[in-house]
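Numbering (the UniProt record's numbering), first residue to last: 1 to 644.
All remarks here apply to the structure that follows.
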Amino acid sequence: MKWSADLKDSLGKAGVELEVLSLLQPHKKLRKLSIKSYGGLTFPSWVGDPSFKNLIFLNFEYCQKCNSLPSIGKLPFLKALYIKGMSYVNRVGVEFYGENCLNAFPSLEILHFEEMPELKEWNPCHVDEKTRNFNCLRELSVKKCPKLLGSLPSNLPCLEKLVIHDCQLLLVSVPNSSRLCELEIVGCKEVIHQSSLDFFSLKKVSLLNITNLTRELLLGLTKAELLRIGGCGELTSLWQNTGGWLAQSKCLRNLEILSCPQLVSMEIGEEKEELVQIETLSNLEYLRIKHCERLEKLSTTVYNLTSLRELEIVKCPKLVSFSHNNLPPTLTGLVVKNCKNLLCLLEEESIQISSTSLLNHLIIERCPSLISLSSRGELPVRLQRLKIWSCSKLVNLSSSGRLPVGLKHLRIDLCQMLDSIAHSVHNNTCLEFIFIGRCEKIQYLPDGLDKLTHLQQIQIECSRNLASIPRLPSTSLRVLRLKEGFPTNLTSLTISKPEILEGLITWGLHKLTSLKRLTIRGGYLDGVSFPHEEKGMMLPSSLSKLAISDFPNVEILSSKGFQNLHSLECLCIVNFPKLKSFPRKDMLLSLLELYIHNCPLLKQRCQRDEGRDWSNIAHIPYVQIDNKFVYDSEEEKEENDSDE
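Here it is in structure tokens:
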């Protein structure tokens with residue numbers, strides 16, 4: 001049930017809203033109910049009536065005039081409850097649970113509160129020892145409740161996931177649940193828990209922007225496999241144990257350090273402590289460091305993380321390069337973004353990229369000081385995916401002019417100083433995708449593109465400066481996009497925008513002397529003939545198949561435009577509402593198949609034996625108009641033979 005979202009009317013209308021919703025009581029077998037933008041001050045009594053025994057899903061959104069929550073705690077089989085954007089509600093209490101309800105929400109598994117700007121108190125409603133609420137709750141989420149001060153329910157034996165976002169005044173008390181496996185707390189005052197609380201079940205933990213992050217909580221995360229920690233101003237070294245919390249994380253696989261402005265180094269300092277730390281982090285597979293403004297270097301510690309597969313460094317402006325031996329040989333993916341002072345990714349003296357390196361994808365974005373990828377001049381030999389974007393000072397990809405032989409995906413964009421991708425790609429037979437955009441110094445594409453039997457897509461957005469375009473593969477290429485300029489050896493071309501067709505007409509479409517198949521969708525608006533004779537449009541004489549569609553103003557298929565198409569075997573004409581003229585018979589002698597669809601005027605002129613243009617198409621062996629076989633000379637010949 002959805003009302004208009006405009007709730008600027010006077011409060012006097014709220015009574016009408018209540019009366020309307022009262023009369024809209026649904027059937028008792030209802031299973032799911034959403035009420036959105038309802039304008040009443042309260043909800044009618046049928047909302048939450050326990051007689052709705054089949055109701056399993058409830059959603060209240062932006063009922064902004066309501067000053068209290070509906071009484072829904074007695075719904076016997078309700079499993080999911082979402083409440084969002086109720087601006088006037090300031091407390092969760094007995095009205096929510098239901099009067100004298102000792103077992104509120106007996107079947108509820110998911111409970112979400114979001115955008116409750118005036119919510120200040122959540123009364124857990126503990127009456128006595130017999131009171132049991134939320135006995136089956138598995139997931140609790142509270143987001144954007146900035147004034148919430150009251151305690152959350154603590155006795156939740158089945159809770160598996162707890163999410164708290166942007167509740168700046170809340171002291172989050174972690175519920176006592178042996179099943180809790182996911183904890184996500186972002187933007188609150190403090191997280192407290194019982195000293196005896198068992199954290200062994202916790203697998204995923206996110207602790208971000210917490211004013212007071214306690215040492216005891218960190219020490220309890222011994223079984224966490226994914227840890228995101230951020231907004232910690234006191235963290236100065238990633239591997240310093242801060243009381244031993246990281247040293248205890250023996251199960252950790254994913255680690256993200258976000259917004260720690262005091263983090264300077266990843267060094268440990270003492271050799272003995274380093275060995276212990278490496279041993280405890282032997283299962284770490286993914287490491288992400290973001291927005292650490294003072295981080296200057298990585299360390300040998302990272303090199304010795306023998307399970308590390310993915311490393312991502314984002315917004316670390318003081319990082320200049322990677323330090324000595326700090327990329328482990330097991331690393332398969334490296335991402336570096338927004339590091340404005342990064343000069344060289346892989347220093348000659350600091351890192352060895354040998355044939356044993358497993359690095360197969362490399363992404364570098366927005367590193368404006370980057371001059372070279374490697375001072376040795378070579379890329380990792382097993383690289384399969386390379387993406388470089390907005391690195392304005394990058395001069396070359398490799399000094400040898402060669403790309404890794406296994407490279408499949410290459411994307412280079414906004415590298416204004418780059419003048420060459422490679423000299424030749426003869427050996428890069430795995431290449432499937434090439435994108436080169438806004439690299440204005442590039443004048444030549446690599447030789448050997450026509451040898452790339454797996455190349456499916458090439459897109460060039462700096463083609464106006466290209467001196468020439470080399471031959472392209474004729475068998476595998478599926479997509480070609482060039483901003484300006486076209487290769488004359490192209491065999492198949494699809495044009496789907498009028499402006500591209502206009503550019504081709506100006507450039508000279510007939511210059512594509514190897515073109516066999518041409519498709520044009522969405523033609524020009526200012527001409528009444530095809531081809532556009534007024535602009536000197538000429539079709540390539542090599543065409544064997546031509547498909548044209550969506551030319552709203554074209555009235556004539558020009559005989560002159562078709563006079564040189566001696567190899568044309570198939571012609572498809574679709575959506576020409578004004579077309580009423582067909583080329584002369586002697587212009588289409590090679591044609592074997594003709595398809596006409598949604599061309600009402602031409603259809604009348606091409607009717608068998610009686611249309612004005614029938615004589616021009618009668619010689620064509622196969623003719624189909626609006627999906628109906630109008631003429632098939634082979635079928636007719638068989639029928640005549642049968643009659644005889």
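For every residue, glycine included, the Cβ atom is placed at its ideal position computed from N, Cα and C.
Paired residues, beta bridge with residue i - DSSP
{"i": "residue 192", "result": "173"}
{"i": "residue 563", "result": "Partner(s): none; residue 563 has no beta bridge."}
{"i": "residue 547", "result": "519 and 572"}
{"i": "residue 593", "result": "570 and 622"}
{"i": "residue 2", "result": "36"}
{"i": "residue 344", "result": "372"}
{"i": "residue 80", "result": "57 and 110"}
{"i": "residue 207", "result": "185 and 229"}
{"i": "residue 364", "result": "336 and 388"}
{"i": "residue 447", "result": "424"}
{"i": "residue 73", "result": "BP columns for residue 73 are empty, so no partner."}
{"i": "residue 321", "result": "DSSP lists no partner for residue 321."}
{"i": "residue 409", "result": "385 and 433"}
{"i": "residue 313", "result": "289 and 336"}
Residue i - DSSP class collapsed to helix/strand/coil
{"i": "residue 303", "result": "helix"}
{"i": "residue 97", "result": "helix"}
{"i": "residue 626", "result": "coil"}
{"i": "residue 21", "result": "helix"}
{"i": "residue 454", "result": "coil"}
{"i": "residue 616", "result": "helix"}
{"i": "residue 332", "result": "coil"}
{"i": "residue 182", "result": "strand"}
{"i": "residue 423", "result": "coil"}
{"i": "residue 586", "result": "helix"}
{"i": "residue 163", "result": "strand"}
{"i": "residue 506", "result": "helix"}
{"i": "residue 284", "result": "coil"}
{"i": "residue 401", "result": "coil"}
{"i": "residue 15", "result": "helix"}
{"i": "residue 534", "result": "helix"}
{"i": "residue 102", "result": "coil"}
{"i": "residue 243", "result": "Interpretation of residue 243 is limited by its pLDDT of 45, a score under 50 that renders its predicted location unreliable; no figure is taken from the coordinates."}
{"i": "residue 647", "result": "Residue 647 falls outside the range modelled here, since the chain spans only 1 to 644, and no answer is possible."}
{"i": "residue 603", "result": "helix"}
{"i": "residue 258", "result": "strand"}
{"i": "residue 297", "result": "strand"}
{"i": "residue 120", "result": "coil"}
{"i": "residue 557", "result": "strand"}
Contacts around residue i, its chain only, beta-carbon distance under 8 Å, and the 5 residues preceding and following it disregarded
{"i": "residue 515", "result": "490, 491, 492, 493, 540, 542 and 543"}
{"i": "residue 369", "result": "340, 341, 342, 343 and 393"}
{"i": "residue 401", "result": "420, 422, 423 and 424"}
{"i": "residue 28", "result": "51, 52, 53 and 54"}
Close-in-space but distant-in-sequence residues of the same chain around residue i (CB under 6 Å, 5 per side omitted)
{"i": "residue 164", "result": "142, 172, 185 and 188"}
{"i": "residue 372", "result": "344"}
{"i": "residue 38", "result": "3 and 63"}
{"i": "residue 46", "result": "25"}
{"i": "residue 646", "result": "The requested residue 646 is not part of the displayed model; the chain covers only 1 to 644."}
{"i": "residue 225", "result": "203, 251 and 253"}
{"i": "residue 96", "result": "69"}
{"i": "residue 336", "result": "313 and 364"}
Whole-number beta carbon distance between residue j and residue i, since they are thought to touch under 8 Å
{"i": "residue 406", "j": "residue 383", "result": "7 Å"}
{"i": "residue 311", "j": "residue 296", "result": "About 16 Å; that fails the 8 Å criterion."}
{"i": "residue 331", "j": "residue 366", "result": "Contact flag wrong, Cβ pair sits at about 21 Å."}
{"i": "residue 137", "j": "residue 111", "result": "6 Å"}
{"i": "residue 334", "j": "residue 362", "result": "5 Å"}
{"i": "residue 587", "j": "residue 624", "result": "Residue 587 to residue 624, Cβ: 20 Å. No contact."}
Neighbourhood of residue i by C-beta, 7 Å cutoff - its chain only, sequence neighbours within 5 removed
{"i": "residue 590", "result": "566, 567, 568 and 569"}
{"i": "residue 217", "result": "191 and 193"}
{"i": "residue 180", "result": "159, 160, 162, 201 and 202"}
{"i": "residue 50", "result": "74, 75 and 76"}
{"i": "residue 613", "result": "582, 605 and 606"}
{"i": "residue 211", "result": "189 and 190"}
Minimum Cβ-Cβ distance from residue i to chain C less than 8 Å
{"i": "residue 600", "result": "Looking for chain C here will not work: only one protein chain is present."}
| task | Count the C-beta pairs between the segment 418-425 and the segment 441-451 that are closer than 8 Å, then say yes if the count reaches three, no if not. | result | yes
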